[in-house]
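So the sequences go chain by chain: A and B.
Position 299 of the first sequence, counted from 1, bears residue number 299 in the numbering used here, the numbering being contiguous throughout.
Position 112 of the second sequence, counted from 1, bears residue number 112 in the numbering used here, the numbering being contiguous throughout.
Number of protein chains: 2
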Amino acid sequence: MTSSAGGAPSGPGGAASGGDTGAAGGGPLAYRVPDLGAMELLIAVARLGSLGRAARELGISQPAASGRMRALETRLGVALVRRSPGGSQLTDEGALVTEWARRVIEAAEAFDAGARALRGRRDSRLRVAASMTVAEYLLPGWLIALHEKRPGTAVSLAAGNSAAVARQVAAGEADLGFVEGLDVPAGLDAAVIGHDRLLVVTAPGHPWARRRTPLTAGELAATPLVLREEGSGTRQVLDAALAGHGGPAVPLLELASTTAAKAATVSGAGPAVLSELAVAEELAAGRLTAVPLAGLALGRSLRAVWPAGHRPAGPARDLLALTRAQARTRRPAPTS
Amino acid sequence: MTSSAGGAPSGPGGAASGGDTGAAGGGPLAYRVPDLGAMELLIAVARLGSLGRAARELGISQPAASGRMRALETRLGVALVRRSPGGSQLTDEGALVTEWARRVIEAAEAFDAGARALRGRRDSRLRVAASMTVAEYLLPGWLIALHEKRPGTAVSLAAGNSAAVARQVAAGEADLGFVEGLDVPAGLDAAVIGHDRLLVVTAPGHPWARRRTPLTAGELAATPLVLREEGSGTRQVLDAALAGHGGPAVPLLELASTTAAKAATVSGAGPAVLSELAVAEELAAGRLTAVPLAGLALGRSLRAVWPAGHRPAGPARDLLALTRAQARTRRPAPTS
DNA sequence: TCGATGTCATAACCGCAGCTTATGTCCCGA
DNA sequence: TCGGGACATAAGCTGCGGTTATGACATCGA
Numbered sequence: 001m002t003s004s005a006g007g008a009p010s011g012p013g014g015a016a017s018g019g020d021t022g023a024a025g026g027g028p029l030a031y032r033v034p035d036l037g038a039m040e041l042l043i044a045v046a047r048l049g050s051l052g053r054a055a056r057e058l059g060i061s062q063p064a065a066s067g068r069m070r071a072l073e074t075r076l077g078v079a080l081v082r083r084s085p086g087g088s089q090l091t092d093e094g095a096l097v098t099e100w101a102r103r104v105i106e107a108a109e110a111f112d113a114g115a116r117a118l119r120g121r122r123d124s125r126l127r128v129a130a131s132m133t134v135a136e137y138l139l140p141g142w143l144i145a146l147h148e149k150r151p152g153t154a155v156s157l158a159a160g161n162s163a164a165v166a167r168q169v170a171a172g173e174a175d176l177g178f179v180e181g182l183d184v185p186a187g188l189d190a191a192v193i194g195h196d197r198l199l200v201v202t203a204p205g206h207p208w209a210r211r212r213t214p215l216t217a218g219e220l221a222a223t224p225l226v227l228r229e230e231g232s233g234t235r236q237v238l239d240a241a242l243a244g245h246g247g248p249a250v251p252l253l254e255l256a257s258t259t260a261a262k263a264a265t266v267s268g269a270g271p272a273v274l275s276e277l278a279v280a281e282e283l284a285a286g287r288l289t290a291v292p293l294a295g296l297a298l299g300r301s302l303r304a305v306w307p308a309g310h311r312p313a314g315p316a317r318d319l320l321a322l323t324r325a326q327a328r329t330r331r332p333a334p335t336s
Numbered sequence: 001m002t003s004s005a006g007g008a009p010s011g012p013g014g015a016a017s018g019g020d021t022g023a024a025g026g027g028p029l030a031y032r033v034p035d036l037g038a039m040e041l042l043i044a045v046a047r048l049g050s051l052g053r054a055a056r057e058l059g060i061s062q063p064a065a066s067g068r069m070r071a072l073e074t075r076l077g078v079a080l081v082r083r084s085p086g087g088s089q090l091t092d093e094g095a096l097v098t099e100w101a102r103r104v105i106e107a108a109e110a111f112d113a114g115a116r117a118l119r120g121r122r123d124s125r126l127r128v129a130a131s132m133t134v135a136e137y138l139l140p141g142w143l144i145a146l147h148e149k150r151p152g153t154a155v156s157l158a159a160g161n162s163a164a165v166a167r168q169v170a171a172g173e174a175d176l177g178f179v180e181g182l183d184v185p186a187g188l189d190a191a192v193i194g195h196d197r198l199l200v201v202t203a204p205g206h207p208w209a210r211r212r213t214p215l216t217a218g219e220l221a222a223t224p225l226v227l228r229e230e231g232s233g234t235r236q237v238l239d240a241a242l243a244g245h246g247g248p249a250v251p252l253l254e255l256a257s258t259t260a261a262k263a264a265t266v267s268g269a270g271p272a273v274l275s276e277l278a279v280a281e282e283l284a285a286g287r288l289t290a291v292p293l294a295g296l297a298l299g300r301s302l303r304a305v306w307p308a309g310h311r312p313a314g315p316a317r318d319l320l321a322l323t324r325a326q327a328r329t330r331r332p333a334p335t336s
């Protein structure tokens, strides 16, 4: 297995120096973790209490499930289920592993919901246009909830910056839009569905990470930063906020995606200014640190928008109601 | 349970009806989502800006990466990268999909960290014993953080109920333990590292879900509930709290794992009393609803424990510091 | 006591997904 | 003009995960 052929030419495997993004151990993750099918099977067995029934539910044969489960246990080196002629019960370790697997599957479900919408044809029942920030961090959860509430609603998703979203909604190419920004685009009605804030973040090793006295706007404006490219909503807000303080300094790096900016900052390139939604996980895991900041308003509203006068109806109304319900329940959430 | 299973025997592969736990679309998820390897590849391409370099990092050949990426795009029906003789850049949709993929990979990393510890031999440098609740919801994140801070620390994990954890720590079979409960086990020193609370939860359709007036302790004590089995920490706390109000009624269902209890409640079996950590995701996604409760203290502390007098040192100290840092930063967090 | 039913395990066979090596094409920079 | 990097295409091979067919064991109900 693993090794197999080639002999991995150059790369003595040894993981290029250190650093990197923050990935954990050695070798590609996929070689060290069971695949999604195995995790799904485990969850099904946990729920149904029998290998055979789980197999049937997944549309595979009982021996296939049996073999797969055995392989899973061998690979993990732990007994997960206690087999008996009356069915299969999880062991303690099995319950543990199942819960961990559930997390993976939930994230995969969010992926699927998003991918499905992205592929959705333009004649779907509900056409959504969303800014990158909303689409990346919030939309998948909404789509799953919508699917549970109204199964069979075909959704299509177009992602772009806030201006593009506004245009699409105004032109009738989308039924509902989600934008982040300072003001409501002309010609559209809007409802605030959440709030976002830009944070100054650094790697834990950076001098700023240990600051107790808040950064001043002037300091921030004078420091070269890792930034999103011009034209992004994030950059707009920052530019506007720093305009009165000597404008932002020439960027240290200008990257086209939030992901790239995060990666650069994590690996120590320098401080970045990014959406709180985007860095929530990194902050929680300690891969990034938020730097306190004084005297600068970097908040912005997340809004749903639709053509002025045309109250959303049908699926659009359902989705809108959903987003507001979740905003009420909870702070900006990870995956959900 | 409820519907689903029963029928859908043969399943001509054509995806058993719908319903089920709350999973989304048709058929097994694994058939509709790219595998972990593909997601990892996408993330690597995003970071490195080239298919070939990503391939080298993952230890596969360039054509393999190229083909895989193409397959991924075909399957999703969306162009993810813009190829050029100078490298590959993500498209907007690519950035989106990459971020969604990152969530999956992060959950998989947590899985791996946990599984690795579970398999860890007893002669590891750091032997941890943890209650199920802590092991399920908090430990993987800590292990990842620990691994980043002190790579190469071999960790072994034993999971069990709080009493078993206390025994193992006292007997010197574990260097550090994590328990939830009302009091500190005798013979051990402890530090509070977080708080947990039991919540009364129901499916959104249940009458209690719409209650505005809080439930009284008496009502709760008189209602048959979905509960964890006797001996679990969760059950102990509830029994103790309801003892003064007529004790808990005979259980509606008594299940051996939190997962099973959640599943039963989600599918409408009846109200359950479960740890806030365990139901956070379901609450956020609206699959469960928390019922307000008055006049009953269902809080409990999460504690790290070690043999009295023996201050943790070495890796144990590192892990302990980490857990406290995270507890400070953040409320009980989902994944990492 | 004895089928009937349900569970899981074993055995033999097979197809396909994904890998490899070897090449081709394109573009850029020296 | 040429070297080098990046991606694509074209073979061929391996093995994982699937299938059917069967056997060994419990448990339930008459």
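We treat Cβ as the ideally placed atom computed from N, Cα and C, and that holds for glycine.
In the DSSP assignment, B:Ala158 falls within the unbroken beta strand (DSSP E) covering 155-160. A:Glu180: member of the beta strand (DSSP E) spanning 176-181, first to last residue.
Contact with chain B is found for A:Ser257, since one of that chain's Cβ atoms lies less than 8 angstroms from the residue's Cβ. For A:Ala108, the chain B residues whose Cβ falls inside 7 angstroms of its Cβ are Leu29, Val33, Val104, in order along the chain. Of all residues in the stretch 111-122 of chain A, only Phe111, Asp112, Ala113, Gly114, Ala115, Arg116, Leu118, Arg119 place a beta-carbon less than 8 angstroms from a beta-carbon of chain B. In this structure, the beta-carbon distance from A:Val266 to A:Arg287 falls below 8 angstroms.
Nearest C-alpha to B:Ala64 among B:Gly77, B:Ala46, B:Ala38, B:Leu76: B:Ala38.
Apart from the 5 residues on each side of it in sequence, A:Gly270 sits with its Cβ closer than 7 angstroms to the Cβ of Pro224, Leu225, Val226, Leu252 in its chain, given in chain order. Any Cβ of chain A closer than 8 angstroms to the Cβ of B:Trp100 would place that residue at the interface, and such an atom is present.
Less than 8 angstroms separates the beta-carbon of A:Glu276 from that of A:Asp196. Restricting attention to B:Arg228, B:Pro292, B:Ala190, B:Leu255, the CA atom closest to the CA of B:Ser301 is found in B:Ala190. A:Ile193 is outside the set of residues whose beta carbon lies under 8 angstroms from a beta carbon in chain B. In the DSSP assignment, A:Asp239 falls within the unbroken alpha helix (DSSP H) covering 233-243.
For the stretch 186-217 of chain A, the set of positions with a beta-carbon nearer than 8 angstroms to some beta-carbon of chain B is empty.
Looking at the DSSP output, B:Arg228 shares a beta bridge with B:Leu255. For A:Leu76, the nearest beta carbon of chain B is closer than 8 angstroms to its own beta carbon.
With respect to A:Ala166, A:Leu188 sits close: the two C-beta atoms are nearer than 8 angstroms.
Per the coordinates, the alpha-carbon of A:Leu199 lies some 10 angstroms from the alpha-carbon of A:Ala278.
B:Pro207 carries a helical assignment under DSSP once its states are collapsed to helix, strand and coil. Contact between the stretch 67-82 of chain A and the stretch 39-50 of chain A is present: 3 or more CB-CB pairs across the two stretches fall below 8 angstroms. With contacts defined by Cβ atoms closer than 8 angstroms, B:Pro315 and B:Trp306 do not form a contacting pair. When C-beta atoms of the stretch 203-212 of chain A are compared with those of the stretch 232-241 of chain A, fewer than three pairs fall below 8 angstroms, so the two segments do not count as touching. For the stretch 56-75 of chain A, the set of residues with a beta-carbon nearer than 9 angstroms to any beta-carbon of chain B comprises Arg56, Glu57, Leu58, Gly59, Ile60, Arg75, in chain order.
Counting of Cβ neighbours within 10 angstroms places A:His310 among the exposed residues, the total staying below 16. Counting C-beta atoms within 10 angstroms of its own C-beta, A:Ser84 has fewer than 16 neighbours from the protein chains shown and is therefore classed as exposed. The beta carbon of A:Ala308 sits closer than 8 angstroms to those of Gly187, Leu188, Asp189, all from its chain and outside the five residues before and after it, given in chain order. A:Asp196: not part of any alpha helix (DSSP H); member of the beta strand (DSSP E) spanning 188-202, first to last residue.
About 6 angstroms separates the beta carbon of A:Ala304 from that of A:Leu320, a gap short enough to meet the 8 angstroms contact definition.
By the beta-carbon neighbour count (other beta carbons within 10 angstroms, threshold 16), A:Val192 is exposed. When C-beta atoms of the stretch 114-134 of chain B are compared with those of the stretch 95-106 of chain B, fewer than three pairs fall below 8 angstroms, so the two segments do not count as touching.
Under the three-state reduction of DSSP output, B:Leu288 falls in the coil class, being neither helix nor strand.
With the criterion set as a beta carbon lying under 7 angstroms from some beta carbon of chain A, the members of the stretch 134-158 of chain B are Ala135, Glu136, Pro140, Gly141, Ile144, Ala145, His147, Glu148, in sequence order. When DSSP assignments are scanned along the stretch 33-113 of chain B, the uninterrupted stretches of beta strand (DSSP E) that are 3 or more residues long and fall wholly within it turn out to be 81-84, 87-90. For B:Ser301, DSSP records a beta bridge to B:Gly181, B:His195.
Contact note: A:Ala95 reaches chain B through Met132, Glu136, Ala256, Ser257, Thr258, Thr259, using a C-beta cutoff of 8 angstroms and chain order.
Bridge partners of B:Val273 according to DSSP: B:Val200.
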